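*Asks:* Mapping to full-length UniProt numbering: the sequence shown position 124 is 124, numbers consecutive.
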Amino acid sequence: MTDQRPFYRLTPEKRRERLAQQANLSKEQLDCLQKQSSRFGNELVENYVTDYRLPMGVVTGLMVNNKTYTVPMVTEEPSVIAAANNGAKRVRLSGGFHAEKQEHQVIGQVIISPVKDSAKCIRWLAQHTAEMIKVANAVRPSLVKRGGGAWKIEVRPLPDYLSVDIYIDVQEAMGANSVNTMAEAVGQYLINEGFPVLTAILSNLYLGSLQKVSCLVQTDYLKTAAMSGLQVAKRIASLSKLAQVDVLRAATHNKGIMNGIDAAVIASGNDWRSVEASAHAYAAYGHPYHGLATWQLTKQGLRGELTLPVSLGVVGGSIKLSQQSKINYQISGIRTSAELAAVVLSIGLAQNLAALRALATTGIQAGHMQLQYRSLAVSVGANADEVDKVVDALKPMDQVDQAAAKKVLQKIRRE
Ligand code: MEV
Numbered sequence: 001m002t003d004q005r006p007f008y009r010l011t012p013e014k015r016r017e018r019l020a021q022q023a024n025l026s027k028e029q030l031d032c033l034q035k036q037s038s039r040f041g042n043e044l045v046e047n048y049v050t051d052y053r054l055p056m057g058v059v060t061g062l063m064v065n066n067k068t069y070t071v072p073m074v075t076e077e078p079s080v081i082a083a084a085n086n087g088a089k090r091v092r093l094s095g096g097f098h099a100e101k102q103e104h105q106v107i108g109q110v111i112i113s114p115v116k117d118s119a120k121c122i123r124w125l126a127q128h129t130a131e132m133i134k135v136a137n138a139v140r141p142s143l144v145k146r147g148g149g150a151w152k153i154e155v156r157p158l159p160d161y162l163s164v165d166i167y168i169d170v171q172e173a174m175g176a177n178s179v180n181t182m183a184e185a186v187g188q189y190l191i192n193e194g195f196p197v198l199t200a201i202l203s204n205l206y207l208g209s210l211q212k213v214s215c216l217v218q219t220d221y222l223k224t225a226a227m228s229g230l231q232v233a234k235r236i237a238s239l240s241k242l243a244q245v246d247v248l249r250a251a252t253h254n255k256g257i258m259n260g261i262d263a264a265v266i267a268s269g270n271d272w273r274s275v276e277a278s279a280h281a282y283a284a285y286g287h288p289y290h291g292l293a294t295w296q297l298t299k300q301g302l303r304g305e306l307t308l309p310v311s312l313g314v315v316g317g318s319i320k321l322s323q324q325s326k327i328n329y330q331i332s333g334i335r336t337s338a339e340l341a342a343v344v345l346s347i348g349l350a351q352n353l354a355a356l357r358a359l360a361t362t363g364i365q366a367g368h369m370q371l372q373y374r375s376l377a378v379s380v381g382a383n384a385d386e387v388d389k390v391v392d393a394l395k396p397m398d399q400v401d402q403a404a405a406k407k408v409l410q411k412i413r414r415e
């Protein structure tokens, strides 16, 4: 008799069995799902089947505010961690990154549907900000006890709607749970006062948590065999300008920055989609979408800057729930959300420097291909002893694809 229970009612083991049956998975594939599963995963998500693994590496020697960090990064893209290390080293040799102190506030929005007399509503709301702050803080007394909580309310008229923006100091957490709870409490208070409240939710554009990092790279550390450091620096500055005026290039420029930021954020156990949402919204905030990091040639060297609104936590949510996340904090030695934001943005700027230097000189493929060939070798089944041999054989070839890699591997095995 087959188990008729709905999928979500099954144990993870039974779910894997059912999937294996439906998708015709082999015994070996089923064993793989089982081997990679964890108790932690089942506690975290609905319909849990197994853990999906991604490679984790580290950026070493990342110098931020005169402290040197080793930071775990999680990514499936072969060149990302290599590029982060490359950029971090050039900046370290030049004195490191400088990160300014960040405020850590998240905005909760209570949205009021179109009303007849919005001027009257705005007046009422402006007169009741103290009450709303009290209502918000009453549902998160522990946050207030730790020195945080709601402290400011602004009313923002939108076309047709009113947004009641609650500024909340979230301390060492990312803040989503607290802010949503507090915004909903204010929403309920306004409903009780007769307002047509449409919704209450945090904003993922963290304008109350702007983090800035900068660095000054000595141009000598940018030179290649074919180009002087000054030439490279000029070309990087020109690429930076291009990302300010062309949206097509800006998207790629920012994707490169987020390669590093996301990888470090994932390893820290934080919500990387919220970091992505905030970064791209900020790139289009107040003016057309543009590059987030900038590079300018100055008399002292190539000056890089990156400012982003980020809310990262070192406690709360799923942070430090898994053993891996705990280990990662032990490796990085990061203790506060401000430190984490400074480090993560420095990785983003390092990543951007390495990408622009490659684009300004040899092009991106020269460095990428070596790493892509390794993935290709693994994808056609090369084992640890065979990968280097496959890569060496692929390097001089004009046409490199899976078929070529397969042929090379077969030849190596025959020999
Ligand atoms: C690749 O993942 C990222 C880059 O395209 C970024 C950039 O072009 O600046 C190399």
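Note that the Cβ used here is the ideal one computed from N, Cα and C, for glycine as well. All values derive from a computational prediction rather than experimental measurement.
1. Provide the residue(s) that pair with Arg303 in DSSP beta bridges, ordered along the chain.
2. Could you tell me if Gln22 is buried or exposed, where buried requires 16 or more neighbouring beta carbons within 10 angstroms of its beta carbon?
3. Examine the ligand MEV and report whether any of its heavy atoms sits within less than 7 Å of the Cβ of Thr252.
4. Take Leu10 and list the residues in its own chain whose beta-carbon comes closer than 8 Å to its own, dropping the five residues that flank it on each side.
5. Does the Cβ of Asn137 lie closer than 7 Å to at least one heavy atom of the ligand MEV?
6. Could you give the first and the last residue of the continuous beta strand (DSSP E) run that contains Ala200?
7. Assuming Gly291 and Ser240 make a contact with CB atoms under 8 Å, what is their CB distance in whole Å?
8. Mind pulling the alpha helix (DSSP H) runs of 4 or more residues that sit fully within the region 15–74?
9. Nearest-angstrom Cα distance between Thr199 and Lys234?
10. Within a Cβ cutoff of 8 Å, which residues of the same chain sit near Glu76, ignoring the five residues on either side of it in sequence?
11. In whole angstroms, what is the alpha-carbon distance linking Gln402 and Leu359?
12. Express the C-alpha separation of Val400 and Glu103 in angstroms, rounding to a whole number.
13. At what residues does the beta strand (DSSP E) containing Ala163 begin and finish?
14. What does the alpha-carbon distance come out to for the pair Arg249 and Leu222?
15. Give every residue of the same chain whose Cβ lies closer than 7 Å to the Cβ of Leu230, excluding the five residues on either side of it in the sequence, and list them in chain order.
16. For Asn42, I'd like the list of residues in its chain whose CB is within less than 6 Å of its CB, leaving aside the five on either flank, ordered along the chain.
17. Flag this pair as touching only if the region 104–117 and the region 366–378 have three or more C-beta atom pairs under 8 Å; answer yes or no.
18. Does the region 180–193 touch the region 132–139, meaning 3 or more C-beta pairs lie closer than 8 Å?
*Replies:* In this structure, then:
1. Leu216 and Gln296
2. exposed
3. yes
4. Asp3 and Arg18
5. no
6. Val197 to Leu202
7. 7 Å
8. 27–35 and 39–44
9. 49 Å
10. Leu54 and Pro55
11. 26 Å
12. 49 Å
13. With the sequence shown as reference, residue 163 is identified as Ser, and Ala is not the correct amino acid for it. Start and end: Leu162 to Asp169.
14. 22 Å
15. Thr219
16. Pro12 and Tyr48
17. no
18. yes
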